[in-house]
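Each step along the sequence shown adds one to the number in the working numbering, with nothing skipped, and position 149 is 274. Beta carbons are placed, not taken as given, at the ideal position from N, Cα and C, and that holds for glycine. The structure appears below as structure tokens.
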Amino acid sequence: MSRQRRRHEVPAHSPRSAVVTGAARGIGEQIARELVGRGYRVLVTDLDEAAARATAARIGAAAGTACDVTDPAASAAAVARARELAPLGAWVSNAGVGFDGTVTDIAEDRARALVEVNLLGPIWGARAAVTAFREQADAGTTRGGEIGVTVSLSGLGPVPGLSVYAASKAGALSLVSALASEVRREGIGVHAVCPDGVNTELLRSMTPGGQGQALVRSGVLVTPEQVATALVATALVGMFGTGRVYRTLPAWRGALLRLTALAPGPALRLEPAMRALGERRARSLRP
């Protein structure tokens, strides 16, 4: 085992707790599993409390409970519950929704949910976590902590057919970058992972043959395990000392999306070809 990995495991004599939202399944479950493996006393949270408890029992986490990330009080309550297990060491905002649709076509309730879950959720979670980290520092218990956010490559550039979703993720990435600067001197790390399409129920729930799903499938489908490993390594190891706030998965797709943001006009002319590629890949996966 490397020296760096040992350094970022939680020692048994100085326990830390961690909260993961949207952790009953998929990426969140894998993140919680990674943190359990690092020695954290993990609180698995999800809208579905029964599923959260079942996942906690399955992966060896300390507990499972309900948490609606759109409610600031719920995030504060999750932090309080985690601090009963051990001083808070990490908060991971993973809960998200992924409705597709254009700006003009998406239903109002879905547009609101995208903003409230994908953007406001990490805001409320960060506020609750930073408050706890500061209280612990003032009490002389611990100093600092880590905040991780599951974002998306769509937050880096235009994604027709996923415009509101992409906007919510762009907002979350902006939040991570600004917050990282605001709390750095307090020893609080803030990091994000921006994966390409992830092979989860969220992707499968998008409109079959829709523009958004086709564009996502034109890229590289990664696994929940890959996302979890990338986020936990980023948050706990601080990008291996580089100070980098977020990482893309895979890296080359991140570079491509950043280029489309710099030159959206030429990039968008490639959209029909990318969508056609995604549609062909989707058809190849159908039974």
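Item: Does the stretch 296 to 313 come close enough to the stretch 179 to 186 to have 3 or more Cβ pairs within less than 8 Å?; Value: no
Item: Mind listing, in chain order, the continuous alpha helix (DSSP H) runs of no fewer than 4 residues lying wholly within the stretch 200 to 265?; Value: 233 to 240 and 246 to 263
Item: Around the C-beta of T229, are 16 or more other C-beta atoms found within 10 angstroms, so that it is buried, or is it exposed?; Value: exposed
Item: Quick test of your reading: L168 and T190, contact by CB under 8 Å. State the CB separation rounded to the nearest angstrom.; Value: 6 Å
Item: Is V135 helix, strand or coil when you go by DSSP?; Value: coil
Item: How close, in whole Å, do the beta carbons of A211 and P140 come, if the pair is a contact with beta carbons under 8 Å?; Value: 4 Å
Item: If we count the other Cβ atoms within 10 Å of its Cβ and call it buried at 16 or more, is S218 buried or exposed?; Value: buried
Item: Assign T266 to one of two classes, buried (16 or more other C-beta atoms within 10 Å of its C-beta) or exposed (fewer than that).; Value: exposed
Item: Does the stretch 221 to 241 come close enough to the stretch 253 to 272 to have 3 or more Cβ pairs within less than 8 Å?; Value: no
Item: Between which residues of its own chain and G147 is the CB-CB distance below 7 Å, once the five residues before and five after are set aside?; Value: G153, D171, N219, A220 and G221
Item: Taking a contact to mean a Cβ-Cβ separation below 8 Å, would you say V204 touches Y165 in this structure?; Value: no
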